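Each residue of the sequence shown is one higher than the one before, counting from 1 in UniProt numbering.
Ideal Cβ placement from N, Cα and C applies to all residues, glycine included.
What you are looking at is a predicted structure, and each value in this text was computed from that prediction instead of being measured.
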Amino acid sequence: METPQVPAGDDVAFDPASATIVVVTYNRSHLLSGLLESVIRMDPKPGHVVVVDNASSDDTTQVVESFRDRLGTQLVYRRLDENTGGAGGFSAGMETAYELGSTWMWLMDDDVEVLPDGLARMGDWAPRFRSIQGRRYDYDGSEFYWQYRVSVPLGIPIPFAPADFDASGYREMNSGCFEGMFIHRDIVAQIGLPDPRFFIYWDDTIYGWLASRVTPAAIVNEFVLRRTREIKQWDMGVRHFNASSDMYRYYILRNRGIMKHYYEEHGAYRPFAFAIGTAATFAKEILRLAFVERKITRVGWSNLMKGLRDGRAIARDTSWRVMPALTPTAPQGR
Numbered sequence: 001m002e003t004p005q006v007p008a009g010d011d012v013a014f015d016p017a018s019a020t021i022v023v024v025t026y027n028r029s030h031l032l033s034g035l036l037e038s039v040i041r042m043d044p045k046p047g048h049v050v051v052v053d054n055a056s057s058d059d060t061t062q063v064v065e066s067f068r069d070r071l072g073t074q075l076v077y078r079r080l081d082e083n084t085g086g087a088g089g090f091s092a093g094m095e096t097a098y099e100l101g102s103t104w105m106w107l108m109d110d111d112v113e114v115l116p117d118g119l120a121r122m123g124d125w126a127p128r129f130r131s132i133q134g135r136r137y138d139y140d141g142s143e144f145y146w147q148y149r150v151s152v153p154l155g156i157p158i159p160f161a162p163a164d165f166d167a168s169g170y171r172e173m174n175s176g177c178f179e180g181m182f183i184h185r186d187i188v189a190q191i192g193l194p195d196p197r198f199f200i201y202w203d204d205t206i207y208g209w210l211a212s213r214v215t216p217a218a219i220v221n222e223f224v225l226r227r228t229r230e231i232k233q234w235d236m237g238v239r240h241f242n243a244s245s246d247m248y249r250y251y252i253l254r255n256r257g258i259m260k261h262y263y264e265e266h267g268a269y270r271p272f273a274f275a276i277g278t279a280a281t282f283a284k285e286i287l288r289l290a291f292v293e294r295k296i297t298r299v300g301w302s303n304l305m306k307g308l309r310d311g312r313a314i315a316r317d318t319s320w321r322v323m324p325a326l327t328p329t330a331p332q333g334r
């Protein structure tokens, strides 16, 4: 099935006020506070900041309200009735930003800070691309490596896609990461909102892939974010292998079933290759347990197996439907 292509960009100068930062948070008000402080230091600032609260039980509401009069831009606080995970939070946040009329939506978790000129750096690329990923500094100030390409038949990231940039200043990508995705409303209109049913994991990978099918997508050699939370890692030299959690391990395998439906919908599903990718994903989580967390527990193992079983059930569910495109009558961007 051939997909219509949205032009890569246009000649219209980037207007910072047309951008909305979308932040998803859950019980990490101390990290959220650091991110909002970084927005105060931004120059230029976005037109809006949307904070989606996944039903936090800490003082997140009070922290957000303490920034309302000093953020220097319009703050929209959306508190959800239940924890919908990162996937549900970003789906709700993008829906809000879209309804605000935002032309650009910049997505991020609460455990980053925006560099002061981050929006200007992303805006420099806005006339050329409509799905853009900037770069991040890790917690210790080192360059964070993100796997910006996936093997579609296998449904897994390519571990050692080149990390360096040539004179062009960008590399083509076919994936996405909600820790820094910068996306145009025209693309959101065509591919729809992120699928909240993922809850966590693979949601941004699939969303970035969907975007790359309709417009040229790029990771650009611009450092715009800094991670503010230390994560246990196994340093492999070229890249890091991060620690995970038992909940993540479940969804990593379970959500393969959702991925299958998206690939199948767009004519990209190859059963044998995808099964190899699932086996590789399972093996990767065993390695993560052994070499990063240095333990293989009964709970960790059982969550992997349960994820596999539930993923297969989802994959066999013929009633499953992917997220629809948004209606063309939605508000137009500035």
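Q.
In this structure, how does DSSP classify histidine 30 when only helix, strand and coil are distinguished?
A. helix
Worksheet item: CA-CA distance, alanine 163 and alanine 218?
Response: 13 Å
So, using beta-carbon positions, are valine 52 and arginine 78 closer together than 8 Å?
-> yes
Margin query: Considering just the uninterrupted stretch of the beta strand (DSSP E) at isoleucine 132, what are its terminal residues?
Written below: 131-137
Terminal residues of the alpha helix (DSSP H) in which glutamate 222 lies: Taken as a continuous stretch (DSSP letters only), glutamate 222 belongs to no alpha helix (DSSP H), being part of the beta strand (DSSP E) at 217-227.
* To do: Pull up the DSSP beta-bridge partners for threonine 25, would you.
  => Answer is Asp53, bridged to threonine 25.
If you reduce the DSSP assignment to three classes, tell me which class tryptophan 106 lands in.
Reduced to three states, the DSSP call for tryptophan 106 is strand.
Could you spell out where the alpha helix (DSSP H) holding glutamate 95 opens and where it closes? In the DSSP assignment, glutamate 95 falls within the alpha helix (DSSP H) that extends over 85-99.
>> For the region 179-199 against the region 210-217, do three or more pairs of beta-carbon atoms, one drawn from each stretch, fall closer than 8 Å, so that the two count as touching?
In response: yes
key: Length of the line joining the Cα atoms of aspartate 69 and leucine 36   = 12 Å
| said: Our contact map puts leucine 107 next to phenylalanine 178 with C-beta atoms below 8 Å; I'd like the distance itself, whole angstroms only. | reply: 5 Å
Report the start-end ranges of each beta strand (DSSP E) in the region 247-311 that is 3 residues or longer and not cut off at the edges. Listed in chain order, there is nothing to give.
Self-check item: Which residues DSSP lists as bridging threonine 20, in chain order
Solution: His48 and Met105
>> Helix, strand or coil for tyrosine 77? Go by DSSP, reduced to three states.
In response: strand
(request) Quickly, what does DSSP pair phenylalanine 182 with across the bridge? List them, please. (result) Trp106 and Ile132
Legend entry - Limits of the beta strand (DSSP E) - the one that tyrosine 170 falls within: Taken as a continuous stretch (DSSP letters only), the beta strand (DSSP E) holding tyrosine 170 covers 170-172.
| said: Using a 10 Å radius around the Cβ and a threshold of 16 neighbouring Cβ atoms, would you call serine 168 buried or exposed? | reply: exposed
_According to DSSP, is valine 188 part of a helix, a strand, or is it coil?_
Valine 188 falls in the helix class under three-state DSSP.
Pairwise C-alpha distance: alanine 161 and tyrosine 145:
10 Å
Worksheet item: Going by C-alpha distance, which of Gly208, Phe199, Ala19 and Trp202 is nearest glycine 192?
Response: Gly208
Closest to glutamine 74 by CA distance: which of Met259, Thr20 and Arg41 is it? Thr20
key: Proximity below 8 Å, CB of valine 112 to CB of arginine 226   = In contact: valine 112 and arginine 226 (Cβ atoms closer than 8 Å).
**Q.** Span of the alpha helix (DSSP H), counted from its first residue to its last, around glutamate 113
**A.** Annotation for glutamate 113: no alpha helix (DSSP H) segment contains it, though the beta strand (DSSP E) segment containing it runs 112-114.
inquiry  = Just to check my reading of the structure: glycine 307 and isoleucine 252 have Cβ atoms closer than 8 Å, yes? What is that Cβ distance to the nearest angstrom?
reply    = 6 Å
key: Helix, strand or coil at serine 38 according to DSSP, with G and I counted as helix   = When secondary structure is reduced to three states using DSSP, serine 38 falls in the helix class.
- Between the beta-carbon of tyrosine 139 and the beta-carbon of glutamate 230, is there less than 8 Å? yes
**OP:** Express the C-alpha separation of aspartate 204 and tyrosine 137 in angstroms, rounding to a whole number.
**Re:** 20 Å
>> With DSSP as the reference, identify every bridge partner of isoleucine 156, one or two as the case may be.
In response: Ser151
*Should glycine 93 go down as buried or exposed, given a rule of 16 or more other Cβ atoms within 10 Å for buried?*
That one is buried.
task: Decide if the region 304-320 is in contact with the region 253-264; the criterion is three or more beta carbon pairs, one per stretch, under 8 Å apart.
output: Yes, they touch.
* To do: Assign glutamate 230 to one of three DSSP states: helix, strand, or coil.
  => coil
Determine the contact status of histidine 261 and tryptophan 202, defining contact as a CB-CB distance below 8 Å. no
Quiz item: Measuring CB to CB, does aspartate 110 end up less than 8 Å from valine 23?
Solution: Yes, the pair counts as a contact, with Cβ atoms nearer than the cut-off.
(request) Have a look at glutamine 332 and glutamate 285 and give me their C-alpha separation to the nearest angstrom. (result) Caution applies to glutamine 332, whose pLDDT of 43 falls short of 50 and renders its modelled position unreliable; the value that the coordinates give is listed next. Using only the alpha carbons, I get a separation of about 43 Å.
Between the CA atoms of tryptophan 125 and residue 382 - distance to the nearest angstrom: There is no way to answer for residue 382, as the model of the chain reaches only from 1 to 334.
**Asked** Do glutamine 133 and glycine 88 have their C-beta atoms closer together than 8 Å?
**Response** no
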